[in-house]
Every structure is written in C-alpha cells, then in structure tokens.
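Below is one structure, written out as structure tokens, with a few remarks after it.
Number of protein chains: 2
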Amino acid sequence: MESKTAVDALSALAQVSRLQIYRLLVQAGPEGLAASEIAERLGIPPNTLSFHLRTLSHAELVHSRQQSRFVYYSANYERMNALLSFLTDNCCGGRSCAPAAAPARRRRA
Amino acid sequence: MESKTAVDALSALAQVSRLQIYRLLVQAGPEGLAASEIAERLGIPPNTLSFHLRTLSHAELVHSRQQSRFVYYSANYERMNALLSFLTDNCCGGRSCAPAAAPARRRRA
DNA sequence: TCTTTGATTCCATAATAGTAGAATCGTAGA
DNA sequence: TCTACGATTCTACTATTATGGAATCAAAGA
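Chains as they are written, first to last, in our numbering: chain A, 2 to 110; chain B, 2 to 110.
Next comes the structure, spelled out in structure tokens:
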C-alpha cells in the first residue's frame, strides 16, 4: 500500500461520524446497510451522511451497490487488512521482537 | 477503547509526515530514535517535527524519554493493538464470518 | 558563566474539512 | 405522467489543522 493511500484511509476514519458509520458497517457484515438506515441509526442528516459516505468510498473503505431505490453500503475488509499490514510493516526492523512475538489477542476483520 | 480515543489516534496517523514518523519508529523498535535523528532522516524542520510528535504523544501512539540532551521517541505498540481491535470489533455481528475466518496473513506490531 | 546545541513554544498565515439548507437526480409505484 | 421518496450535489459558512520563522528553554562542556 502506498503512503498516500494509507493517509486517505486513515483520514477517512479519523472523524467521529465516519468512524461510527464504518464500525456499523463492519458489524453489519457483507450485506451492508442502506444509506437511509445508517442515517436513521446514527441520526445523521442525509446530505451530511452522503458527504461522509463519499469520503469512505473514495478511500475504498466501503463498497456500495444500488438495489432498487436503495443504495447499500458495506465494509471493504480487504482494504482494512491492507491498512493494518501497512501500519505494522517491518516492525522492529524485521527482527523477531516482543511486539510481534506476543501481540494482543484480538478478533480480526 | 473509547470512540474519541480512536479518532484521536487515527487523526494523529492521518497525515503524511506523522505517518512517516510513526512507521519509522515502528521499524526502529523499542529503543526508538532521537528527535534530531527523525528530523534528519525525514527532512522535517525541528519545530514542525515537535508539533507532529506532540500530536502523536497526545494520542499516546508514541512514548518519549529524555536521555541527556536528546529526547528519544518510540512506538507504543499496545496502543496500536488496541486501535486495531477497536476497528475490527464485533466484525459481522460476532457471527463467524469470512473476513474473520480467513484474514490476510500479516506481520503484527 | 558563557557557548553550543537539541528541543520546544509562540505566532501568524494559508489551506483543508465538517456542517446543513436548498435544489436536483433517479427509481418505483399510482 | 405525476408523485413520492431515497440519495446526492451545490453552496456557503465556520472551525480546525499544517507550516515555518523567531524566540525561548534545557542540558552539557569549555
């Protein structure tokens, strides 16, 4: 992953509403949620939501598909994995190190 | 992790210079690097670097320790792990799902 | 104590991002 | 075709952030 790509992804997530949106979509799974449902659940006006979804889409953190009148948004898990790899790339200069040897146990997307 | 804490961490990383700094520190390992060396390696003026390091410190993504005239900065791996967990928390509603079942293989910090 | 040097703070400027009202677009059903 | 409604775009306005010159602080050695 390019540095600029990573910054775009991080910027996209570095905002309360967008982080809420993204996590909601992560939890919603591959089917995703319609924009209107996201707006309702998070109490964000539709135009503001569109703005945020556009930012997330542009960073390719979410996918969208039209289904009749609704546009469904879903998390792009591959992108997130690429971002996580980038952030922890070449940890400790590639030598075996404590952080890599005993990472915190966590669920992954 | 709190949502606001996560946004602070993501905002801190969502900037080219700071992302460079952070990755450099991840690669440098636990000993870290002196501010002057970071400045030299990345070609960032010292005052601007201080500003960015302050932002990273405030987000607790880096630790600092004074050693004689030098201030050494190092990556806070625990914080990064907490952030990664937060981002992928409750993936697919907690049900076993493709993203969690077959995550991309990656080195972790 | 004076000087050097690494690091930080102060300050002003320029650029970018978040917000929401109003208007518009697009699809589906009456 | 007309209407309804979900979604997006247009258009300000406001707030925040990045940057670097100049000044200041802090530690170490002459």
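Think of the CB as a built atom: it goes at the ideal place given N, C-alpha and C, for glycine as much as any other residue.
If you check the beta carbons only, do residue i and residue j fall under 9 Å apart?
i      : j      : result
T56(A) : R19(A) : yes
A76(A) : L26(A) : yes
S86(A) : V17(B) : no
L14(A) : L88(B) : yes
Residue i bridges to which residues according to DSSP?
i      : result
R66(B) : Y73(B)
L34(A) : Y74(A)
Express the C-alpha separation of residue j and residue i in angstroms, rounding to a whole number.
i      : j      : result
L34(B) : F71(A) : 51 Å
A29(A) : G44(A) : 17 Å
Q67(B) : D90(A) : 27 Å
V8(B)  : Y74(A) : 21 Å
R1(B)  : S65(A) : It is not possible to answer for residue 1(B), since the shown part of chain B is limited to 2 through 110.
S12(B) : R42(A) : 24 Å
M2(A)  : M2(B)  : 26 Å
Considering only C-alpha positions, which residue in the set the options is nearest to residue i?
i      : options                        : result
A10(B) : I45(B), G30(B), R80(B)         : R80(B)
C93(B) : S58(A), R42(A), P31(A)         : P31(A)
T6(A)  : H64(A), R66(A), I45(A), H59(A) : H59(A)
Y78(B) : C98(A), Y73(A), V8(A), Q28(A)  : C98(A)
P47(B) : I22(B), A29(B), H64(B), R66(B) : I22(B)
Report task. For the stretch 23–42 of chain B and the stretch 49–69 of chain A, state whether three or more C-beta atom pairs, one from each stretch, are separated by less than 8 Å. Result -> Because the criterion of three Cβ pairs below 8 Å is not met, the stretch 23–42 of chain B and the stretch 49–69 of chain A do not touch.
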